[in-house]
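Input: a single structure, listed below in structure tokens.
Numbering (my numbering), first residue to last: 92 to 579.
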């Protein structure tokens with residue numbers, strides 16, 4: 092995942108704010124970093140491959156002049172990790188700079204058209220076409236806002252981007268389309284970020300952008316418009332106190348280990364979650380002829396677990412499906428079908444695509460997510476939260492446990508609604524109530540053993556996780572974790 096951060100301020104020194112916030116986005120993973128600011132009619136860009144601290148030592152990116160700028164941490168998708176492919180990316184004249192997260196599906200087509208029009212694209216990324224499209228529309232006499240709007244409407248895919256122009260030194264223009272972007276408002280500056288935890292502690296209010304919105308940020312005001320029509324939309328600020336507290340490591344060496352040790356508390360949170368919505372969701376599943384649980388990555392593994400429990404405990408016709416494969420593998424979605432979308436962030440692009448495709452059909456759209464107010468919760472007719480709190484680490488830990496425990500609660504309720512497997516449901520509930528203590532004991536007993544195993548595995552080139560039955564979920568998730576964290 093790439094990380095975006097931009098800031099426009101009444102004061103000089105905005106590059107230091109951006110630099111500090113980019114460090115808070117490191118958990119998303121990255122291979123290169125860069126920063127651009129506007130100053131005295133020019134755009135200043137510094138970027139390179141490497142860690143933020145390394146690039147700072149070489150280029151001093153935190154000392155760029157100006158009161159307005161954008162920054163980026165890049166995880167290579169289109170184009171190899173390199174200085175030329177690092178963001179920010181500029182137009183031919185260096186008058187427009189953009190940072191982008193997501194995928195532009197039609198970038199090759201747009202790239203060919205821009206090249207035919209005389210544009211010189213220097214990188215191998217899909218992102219660079221945004222800057223050149225804006226440049227093209229500016230050359231036709233459009234304002235920067237109009238140029239960005241026209242450019243964005245030509246893009247196909249899931250993306251978010253932030254853009255600055257030398258002609259409007261105090262302005263950042265943001266667009267969101269199926270990739271998260273939030274706006275932070277303080278007395279001295281306005282900023283945009285891929286994630287709330289990266290926002291500076293001075294931020295007093297947060298606005299979560301919706302899909303298909305364009306935002307115009309200056310130190311004085313925030314304006315949000317509908318991307319297609321240009322109609323101004325009302326701001327929906329979420330009050331937020333001390334946002335930096337969300338990113339506190341709490342004395343641990345890194346976020347992932349901190350969140351692993353938060354799992355006992357998460358188990359308590361899940362057990363104390365209000366029953367009415369869980370019961371209502373379970374009832375919707377029981378009434379359905381068929382249930383598809385959809386997700387990606389770790390959440391898909393939770394789907395396998397949930398499908399197994401729903402079938403085994405409540406005799407629900409439940410099937411796990413990787414969200415990206417849904418339209419190919421589930422062609423017969425009829426009335427009486429329920430979709431249970433599972434996503435930690437509530438912004439998973441492939442899951443959102445399925446929900447959007449089905450929202451006008453007579454299908455129940457249900458969701459399980461950790462972020463209330465996310466895109467998935469707005470598309471679902473009914474959703475249940477995970478109560479895991481913010482997860483900063485890239486690899487899911489406490490949210491995966493929350494998904495499993497909540498799916499167990501839902502399955503227990505479903506069995507009771509159908510008045511079957513009462514003894515099994517009671518036994519499962521008893522285990523759930525003990526889950527916090529069991530997790531705490533497991534962590535305590537196995538801490539040193541886990542380190543010994545890690546030393547042994549680190550010397551190997553490959554690893555195999557073997558299991559059967561419901562334990563396949565543990566094997567799949569364990570293998571994914573090892574690949575995500577160690578690249579074995």
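The beta-carbon is built from N, C-alpha and C at its ideal position, and this holds for glycine as well.
Nearest residue (CA-CA) to residue i, options the options
i: residue 422; options: 189, 448 and 401; result: 448
i: residue 112; options: 264, 367 and 152; result: 152
i: residue 406; options: 462, 505, 324 and 346; result: 505
i: residue 193; options: 317, 216 and 146; result: 216
i: residue 291; options: 273, 476, 345 and 185; result: 273
i: residue 310; options: 136, 549 and 158; result: 158
i: residue 545; options: 180, 371 and 577; result: 577
i: residue 141; options: 172, 126 and 115; result: 172
i: residue 323; options: 397, 236, 295 and 387; result: 236
i: residue 494; options: 579, 205 and 433; result: 433
i: residue 234; options: 258, 213, 214 and 101; result: 258
i: residue 551; options: 579, 114 and 190; result: 579
i: residue 114; options: 371, 567 and 145; result: 145
i: residue 492; options: 381, 456, 200 and 397; result: 397
i: residue 327; options: 312, 166, 317 and 300; result: 300
Whole-number beta carbon distance between residue j and residue i, since they are thought to touch under 8 Å
i: residue 95; j: residue 251; result: 6 Å
i: residue 404; j: residue 459; result: That belief does not hold up - the Cβ atoms of residue 404 and residue 459 are roughly 17 Å apart, past 8 Å.
i: residue 308; j: residue 99; result: 6 Å
i: residue 369; j: residue 563; result: With 8 Å as the limit, residue 369 and residue 563 do not qualify as a contact, their Cβ atoms being about 25 Å apart.
i: residue 391; j: residue 413; result: 5 Å
i: residue 305; j: residue 263; result: Contact doesn't hold; Cβ gap of about 11 Å is too wide.
i: residue 351; j: residue 488; result: 5 Å
Reduced DSSP category for residue i - H, G, I as helix; E, B as strand; rest coil
i: residue 77; result: Because the chain spans 92 through 579 in this model, residue 77 falls outside it and cannot be assessed.
i: residue 399; result: helix
i: residue 304; result: strand
i: residue 252; result: strand
i: residue 394; result: helix
i: residue 472; result: coil
i: residue 284; result: strand
i: residue 173; result: coil
i: residue 317; result: strand
i: residue 428; result: strand
i: residue 354; result: helix
i: residue 560; result: helix
i: residue 377; result: helix
i: residue 234; result: coil
i: residue 483; result: coil
i: residue 345; result: coil
i: residue 327; result: coil
i: residue 576; result: helix
Straight-line gap, residue i to residue j (C-alpha atoms, nearest Å)
i: residue 332; j: residue 286; result: Any reading at residue 332 must be qualified, since the residue scores a pLDDT of 49, below 50, and its modelled position is unreliable; the value itself is stated next. One C-alpha to the other measures close to 15 Å.
i: residue 530; j: residue 355; result: 6 Å
i: residue 43; j: residue 469; result: The shown model of the chain, from 92 to 579, leaves out residue 43, and the question about it has no answer.
i: residue 256; j: residue 133; result: 9 Å
i: residue 516; j: residue 522; result: 10 Å
i: residue 418; j: residue 454; result: 14 Å
i: residue 353; j: residue 341; result: 11 Å
i: residue 334; j: residue 347; result: With a pLDDT of 48 at residue 334, under the threshold of 50, the modelled position of that residue is not reliable, and the figure given next carries that caveat. For residue 334 and residue 347, the distance between alpha carbons rounds to 19 Å.
i: residue 467; j: residue 383; result: 16 Å
i: residue 399; j: residue 512; result: 14 Å
i: residue 148; j: residue 123; result: 14 Å
i: residue 437; j: residue 490; result: 12 Å
i: residue 238; j: residue 245; result: 11 Å
i: residue 218; j: residue 175; result: 12 Å
i: residue 319; j: residue 253; result: 17 Å
i: residue 228; j: residue 135; result: 22 Å
i: residue 268; j: residue 247; result: 9 Å
i: residue 575; j: residue 345; result: 15 Å
i: residue 471; j: residue 126; result: 37 Å
i: residue 457; j: residue 155; result: 47 Å
Proximity below 7 Å, CB of residue i to CB of residue j
i: residue 486; j: residue 378; result: no
i: residue 519; j: residue 508; result: no
i: residue 266; j: residue 289; result: no
i: residue 394; j: residue 97; result: no
i: residue 429; j: residue 375; result: yes
i: residue 478; j: residue 361; result: yes
i: residue 223; j: residue 210; result: yes
i: residue 198; j: residue 220; result: yes
i: residue 556; j: residue 570; result: yes
i: residue 293; j: residue 270; result: no
i: residue 160; j: residue 106; result: yes
i: residue 138; j: residue 188; result: no
i: residue 440; j: residue 249; result: yes
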